[in-house]
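Listed in order, the protein sequences are those of chains A and B. Each residue of the first sequence is one higher than the one before, counting from 30 in this note's numbering. Each residue of the second sequence is one higher than the one before, counting from 30 in this note's numbering. Using N, Cα and C, we set each Cβ at its ideal position, and we do this for glycine too.
Number of protein chains: 2
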Amino acid sequence: MSMAVNAAFERLDLKLSTIIRLTEAEKQAITRLPVIIRDLRADQDIVREGDRPTQCCLIVEGLAYRYKIVGDGRRQIFSYHISGDTPDLQSLHLERMDHNVGTLTASRVAFIPHQNVRALTETHPRVLAAFWRDGLIDAAIFREWMVGMGRRTALVRIAHLFCELFTRYRAVGLTDGNSFPYPLTQTDIGDSLGLSTVHVNRVMRNLKTEKLVDVTGKTLTILDWERLKEVGEFDPEYLHLRNPPS
Amino acid sequence: MSMAVNAAFERLDLKLSTIIRLTEAEKQAITRLPVIIRDLRADQDIVREGDRPTQCCLIVEGLAYRYKIVGDGRRQIFSYHISGDTPDLQSLHLERMDHNVGTLTASRVAFIPHQNVRALTETHPRVLAAFWRDGLIDAAIFREWMVGMGRRTALVRIAHLFCELFTRYRAVGLTDGNSFPYPLTQTDIGDSLGLSTVHVNRVMRNLKTEKLVDVTGKTLTILDWERLKEVGEFDPEYLHLRNPPS
DNA sequence: CGCCGGTTTGAAGAATTTCAAAGGGAGTGG
DNA sequence: CCACTCCCTTTGAAATTCTTCAAACCGGCG
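Below, the structure written as structure tokens:
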């Protein structure tokens, strides 16, 4: 297995360990899951609404996202998924996909047959609990986005999203100082937070001129974490991390 | 145990049975969970953000809801919970509550110690899967609300919410023809869908003058289900019911 | 060089909020 | 049984946020 896949499994272990500290045996049982690796280009669907998957995916490298297309072609993005995430674990229990999972960048994805995941959770109940818990955190993130879309202004929402992304990248060791990979377009941000691209653009300019963030190439740098947290009304509690950012 | 509590457990069984058809033994194991019944007045919190619950709750009668209060006192409602629902099952795996659960009406609630739920899921893995699945449907509902807040107009959102409530009440046998219990205020609707009370009022008037719904007392009647579904862009797929409404 | 996806800008328009106040209806106390 | 109160609904008008449309710009890449 490639280094990258091992690293992704380690990030998964790390994430799952946040309350139930897994034993070495449990971590190894996860790492030894049989996988089929696929390399996908950007903007490819991993699973589609209506599919009845027989396998789950683990993001090894790249950025994936969950989304739905509504009647008139508009898109709502629900979440972003980085290395170590398992965005469609729900397919274990919900036969039919009610939304899409796709890649935002070229990505390497590991597919694991449901039967092997089931076998793992049957023999390792604590791993099962960890997977369950992981999905509950997904739901907590959805709720936090709902708060944003329902009750916060565009500026707060965008600042909050940057705080969340930074915190999650940091939790799995994928930040570089105050920078993290940022391949998102302003349209993606808008489709995530319920805003038009034009408005995202104007708010981003504020964040930049206020020296809160800087975007260079496909990297976002947080220039003033304290103030960004304040502007974004960001409290990482909902992410249920063991070591929240200082 | 009172009739009402039995009925609530039957609704829970019904809900959990939607994919994994539970055996009589499994249903009985659920029904025999030890419970402490409490009667709560309207507008009481069942659990609060920051709490570390040692028990889960089952709604027996009444209407509960999950919500969060943001900085300036504004409220975001995430979901509504009726008889047979277990709105804080997540506390089994997420130690600290990241939001509140409260009553909207006077309600009867059954509390079940975590240790008994854990014992049940250890001896009955299929019940565990059913609980897990139930939480995944919660998350699917969150996503659907996100679509609404991000990408649908106020009219569509409100019509959609009414469709959802009707469908969920119907699934547990609590509708009366095309009517269902409706104790929500226009402020509640607004706090659910990210709208002001004033605007909710104006949209409700449209729905009423268009003869789509009627609100009398604390009952909402759907006057034209087909058109309401259409206006609300409602597709019940996300609820993952076995028998979606015709 | 020229294309392409993404960003930026301007100006007009729409949806929705805010503020302020009046109206209604159900329950409570006198 | 009336009067009062409280909560919720309804209405009007002005203000704001955000969207839409349209076009120019920009930087990387084949």
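Among the options, nearest to residue i - alpha-carbon criterion
{"i": "Val-138/A", "options": "Thr-150/A, Val-89/A, Tyr-96/A, Phe-160/A", "result": "Val-89/A"}
{"i": "Asp-220/A", "options": "Leu-165/A, Gly-261/A, Trp-174/A", "result": "Trp-174/A"}
{"i": "Asp-127/A", "options": "Ser-136/A, Leu-249/A, Asp-117/A", "result": "Asp-117/A"}
{"i": "Arg-95/B", "options": "Gln-84/B, Val-130/B, Ile-66/B, Arg-104/B", "result": "Val-130/B"}
{"i": "Trp-254/B", "options": "Pro-265/B, Thr-245/B, Ala-33/B, Asp-114/B", "result": "Pro-265/B"}
{"i": "Glu-39/A", "options": "Val-99/A, Asp-114/A, Cys-86/A, Gln-84/A", "result": "Asp-114/A"}
{"i": "Thr-216/A", "options": "Arg-197/A, Leu-241/A, Ile-187/A", "result": "Ile-187/A"}
{"i": "Gly-261/B", "options": "Tyr-211/B, Ser-208/B, Val-176/B, Ala-200/B", "result": "Val-176/B"}
{"i": "Leu-252/B", "options": "Phe-195/B, Ala-159/B, Ala-148/B", "result": "Phe-195/B"}
{"i": "Ile-65/B", "options": "Ser-208/B, Thr-152/B, Leu-87/B", "result": "Leu-87/B"}
{"i": "Cys-85/B", "options": "His-153/B, Arg-199/B, Asn-145/B", "result": "Asn-145/B"}
Rounded distance between the beta-carbons of residue j and residue i, thought under 8 Å
{"i": "Thr-132/A", "j": "Leu-270/A", "result": "The Cβ separation is near 25 Å, so there is no contact."}
{"i": "His-143/B", "j": "Phe-263/B", "result": "Their Cβ separation, rounded to whole angstroms, is 36 Å, which puts His-143/B and Phe-263/B out of contact at 8 Å."}
{"i": "Asp-167/B", "j": "Ser-108/B", "result": "7 Å"}
{"i": "Ile-59/A", "j": "Leu-41/A", "result": "7 Å"}
{"i": "Phe-171/A", "j": "Arg-180/B", "result": "Not really, about 15 Å apart at Cβ, beyond 8 Å."}
{"i": "Leu-257/A", "j": "Leu-268/A", "result": "With 8 Å as the limit, Leu-257/A and Leu-268/A do not qualify as a contact, their Cβ atoms being about 16 Å apart."}
{"i": "Ala-159/A", "j": "Leu-45/A", "result": "4 Å"}
Span separating the alpha-carbon of residue i from that of residue j
{"i": "Pro-82/B", "j": "Leu-121/B", "result": "8 Å"}
{"i": "Asn-230/A", "j": "Leu-213/A", "result": "13 Å"}
{"i": "Gln-105/A", "j": "Glu-78/A", "result": "13 Å"}
{"i": "Gly-206/A", "j": "Leu-222/B", "result": "38 Å"}
{"i": "Ala-93/B", "j": "Asp-68/A", "result": "45 Å"}
{"i": "Leu-184/B", "j": "Leu-236/B", "result": "8 Å"}
{"i": "Leu-249/A", "j": "Arg-197/A", "result": "14 Å"}
{"i": "Gly-202/A", "j": "Asn-272/B", "result": "45 Å"}
{"i": "Ile-276/A", "j": "Pro-63/A", "result": "Absent from the model: residue 276/A. The displayed extent of chain A is 30 to 275, so no value can be given."}
{"i": "Arg-70/A", "j": "Ala-169/A", "result": "29 Å"}
{"i": "Ala-54/B", "j": "Glu-193/A", "result": "44 Å"}
{"i": "Thr-226/A", "j": "Glu-124/A", "result": "34 Å"}
{"i": "Val-232/A", "j": "Val-244/A", "result": "13 Å"}
{"i": "Phe-140/B", "j": "Val-99/A", "result": "39 Å"}
{"i": "Asp-74/A", "j": "Gly-91/A", "result": "13 Å"}
{"i": "Asp-80/A", "j": "Thr-182/B", "result": "28 Å"}
{"i": "Ser-208/B", "j": "Thr-238/B", "result": "18 Å"}
{"i": "Thr-152/A", "j": "Arg-162/B", "result": "19 Å"}
Contact set between residue i and chain B, taken where Cβ atoms lie within less than 7 Å
{"i": "Glu-124/A", "result": "Ile-48"}
{"i": "His-269/A", "result": "Leu-123"}
{"i": "Arg-162/A", "result": "His-122, Leu-123"}
{"i": "Gly-131/A", "result": "None at all; the shortest Cβ gap to chain B is about 15 Å."}
{"i": "Val-176/A", "result": "Lys-97, Val-99, Gln-105"}
Partners in chain B for residue i, counting only beta-carbon separations shorter than 9 Å
{"i": "Glu-262/A", "result": "Val-99, Gly-100"}
{"i": "Glu-266/A", "result": "Glu-78, Gly-79, Arg-125, Asp-127"}
{"i": "Leu-190/A", "result": "None at all; the shortest Cβ gap to chain B is about 13 Å."}
{"i": "Asp-72/A", "result": "Chain B residues near Asp-72/A: none, gap ~19 Å exceeds 9 Å."}
Interface partners of residue i on chain A, CB under 7 Å
{"i": "Asp-167/B", "result": "Ala-168"}
{"i": "Gln-119/B", "result": "Leu-165"}
{"i": "Arg-17/B", "result": "Outside the shown range of chain B (30 to 275) lies residue 17/B, about which nothing can therefore be said."}
{"i": "Ala-158/B", "result": "His-122"}
{"i": "Phe-171/B", "result": "Ala-168, Phe-171, Arg-172, Met-175"}
{"i": "Gly-223/B", "result": "Met-178, Gly-179, Arg-180"}
Amino acids of chain A, ordered along the chain, whose beta-carbon sits closer than 9 Å to that of residue i
{"i": "Val-232/B", "result": "Near Val-232/B there are no residues of chain A at all, since even the closest Cβ is about 16 Å away, more than 9 Å."}
**Request:** May I have a chain-ordered list of the alpha helix (DSSP H) segments no shorter than 4 residues that lie completely inside the segment 81-160 of chain B?
**Result:** Counting only runs of 4 or more, we get 143-152.
**Asked** What are the complete beta strand (DSSP E) segments, minimum 3 residues, inside the segment 159-212 of chain B?
**Response** Within the segment 159-212 of chain B, the complete beta strand (DSSP E) runs of at least 3 residues are 208-210.
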